[in-house]
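**Q**
Numbering (our numbering), first residue to last: 84 to 420.
Here it is as structure tokens:
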């Protein structure tokens, strides 16, 4: 094996060190990847003689990054718990110098291609966002101290970011979900469009305003299976990404499998791509591989998606299983009711 390659811990395939964990995640099952990552974490702990901090992890180039552990386990500390390692306060880095904090902020910016949000730092960073806010007064001031450029966004870019996130969720995103994603913070939308609701409307989502006991709040309308509003956040887990959705749309001929609406017409009508729908609701399928497997995904349009979610239409078969005549017959029955 060449000196500049390492073996995949799961299948033994020689790969470059930088491409090691990309190879494992693209080639092997989620369970196998998580198990391999935990084995590496335990091995590093054995080598050090103590629970590795995120800074310790940097000294092991063949180990996954702390951000990778956060992506796969929810947070680095959750990964430590899954590996049966003690979670220590040193992992929060409260003794870090200002220079170390700012250098980490620059490194994350280089890794992501844009400044991280405070939520991203809390979930995937080496230090907490609160630590930065304590040292510099605010997250924005910390970015400024690190000489990290904060990008400006056009209205079109903001709308597109919301639509992309909506495609991933298959429903309008909430403000906390936008904050947790890579990209502009929800206050950017409020400043540009006047309110969070106006931003969602500008992106083409159906929303409704409701008044809470302590003033007006923005509530996103997302119909549940029983016709009510589903307010909880769905985590589809690994395997439901843009590549998977593209594959589903391609398999389904880029048309709604219930009414036959094609993607070009859908884009013209709704200014967004066709949603990819989970046939078995995501909440009911525990295994993410089964939940996000191609047979459980089907392409539908926005209108049919709403009807299916509210129980007013059945799930179509994926891959063009429902014929045009079946769709016409079904619509004829609806019209007669």
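In this text, a Cβ means the ideal position worked out from N, Cα and C, and glycines have one as well.
The structure presented is a predicted model; accordingly, all values stated were derived computationally and were not measured.
1) Thinking just about the alpha-carbon of each residue, which of 101, 331, 240 is nearest to the one in residue 282?
2) Going by other Cβ atoms of all chains shown within 10 Å of its Cβ, with 16 needed for buried, is residue 379 buried or exposed?
3) So, residue 356 versus residue 369, is the Cβ gap smaller than 8 angstroms?
4) Please name the residue or residues paired with residue 97 in a DSSP beta bridge.
5) Please report the distance separating the alpha-carbon of residue 297 from that of residue 272.
6) Write down the C-beta distance between residue 339 and residue 382 rounded to the nearest angstrom, noting that I regard them as a contact closer than 8 angstroms.
7) First and last residue of the beta strand (DSSP E) that includes residue 380?
8) Which of helix, strand or coil does DSSP assign to residue 359?
9) Please classify residue 301 as buried or exposed, where buried requires at least 16 other C-beta atoms within 10 Å of its C-beta.
10) Going by the DSSP bridge assignment, what does residue 345 pair with across the sheet?
11) Which value, in whole angstroms, describes the spacing of the CA atoms of residue 363 and residue 214?
12) Compute the Euclidean distance between the alpha carbons of residue 372 and residue 384, then round it to the nearest angstrom.
13) In chain order, what residues of the same chain have a beta carbon less than 7 angstroms from the beta carbon of residue 279, not counting five sequence neighbours either side?
14) With a threshold of 8 angstroms between beta carbons, is residue 266 in contact with chain D?
15) Between residue 244 and residue 208, which are expected to be in contact by the criterion C-beta below 8 angstroms, what is the C-beta distance as a whole number of angstroms?
16) What is the rounded straight-line gap between the Cα of residue 217 and the Cα of residue 225?
17) Am I right that residue 231 and residue 192 are in contact with their C-beta atoms under 8 angstroms? What's the rounded C-beta distance?
18) Nearest by alpha-carbon distance to residue 156: which of 113, 132, 275 is it?
19) Hey, residue 90 and residue 99: beta-carbon distance below 8 angstroms or not?
20) One question on the structure: do residue 228 and residue 195 come within less than 8 angstroms of each other, judged by their Cβ atoms?
21) According to DSSP, is residue 246 helix, strand or coil?
22) Please identify the residue among 145, 131, 121, 154 whose C-alpha is closest to the C-alpha of residue 163.
23) Just verifying my parser: in three-state terms, what is the DSSP assignment at residue 251?
24) Can you name the start and end residues of the alpha helix (DSSP H) that residue 377 belongs to?
25) For residue 286 and residue 246, I'd like the C-alpha separation in whole angstroms.
26) Since residue 375 contacts residue 327 with CB under 8 angstroms, what's their CB separation in whole angstroms?
27) Please name the residue, chosen from 187, 242, 169, that lies closest to residue 133 on a Cα-to-Cα basis.
28) Please say whether residue 284 and residue 264 have beta carbons closer to each other than 8 angstroms?
29) Between 238, 260, 386, 254, which has its C-alpha nearest residue 277's C-alpha?
30) For residue 332, which residues from the same chain have a beta carbon less than 8 angstroms from its beta carbon, with the 5 sequence-adjacent residues on both sides left out?
31) Relative to the alpha-carbon of residue 361, which residue among 139, 145, 93, 377 has its alpha-carbon at the smallest distance?
32) Unbroken alpha helix (DSSP H) runs of length 4 or more, entirely within the stretch 88-173: which are they?
33) Pick from 142, 146, 137: whose alpha carbon is nearest that of residue 210?
**A** According to the structure data:
1) 240
2) Residue 379 is buried by the Cβ-count criterion.
3) Taking 8 angstroms as the Cβ cut-off, residue 356 and residue 369 do not qualify as a contacting pair.
4) 90
5) Here residue 297 scores only 25 on pLDDT, less than 50, and its place in the model should not be relied on; the value that follows carries that caveat. Those two C-alpha atoms are separated by around 22 angstroms.
6) 6 angstroms
7) 380-382
8) strand
9) The pLDDT assigned to residue 301 is 33, lower than 50, so where the model puts this residue is not dependable; a value taken from the coordinates is nonetheless given after this. Residue 301 should be labelled buried.
10) 338
11) 42 angstroms
12) 24 angstroms
13) Sequence-distant Cβ neighbours of residue 279 in its own chain, meaning closer than 7 angstroms and more than five residues away, are 258, 269, 272, 273, 301.
14) No chain D is part of this structure, which consists of one protein chain only.
15) Incorrect: roughly 21 angstroms between the Cβ atoms, too far for contact.
16) 10 angstroms
17) Confirmed, about 5 angstroms.
18) 113
19) no
20) no
21) helix
22) 121
23) helix
24) From DSSP, residue 377 is part of no alpha helix (DSSP H); its letter is neither H nor E.
25) Rounded to the nearest angstrom, the two C-alpha atoms are 6 angstroms apart.
26) 6 angstroms
27) 169
28) no
29) 238
30) 346, 356, 357, 359, 382
31) 377
32) 103-110, 113-131, 137-140, 149-156, 159-165
33) Each of 142, 146, 137 was checked against the Cα of residue 210, and the nearest Cα belongs to 137.
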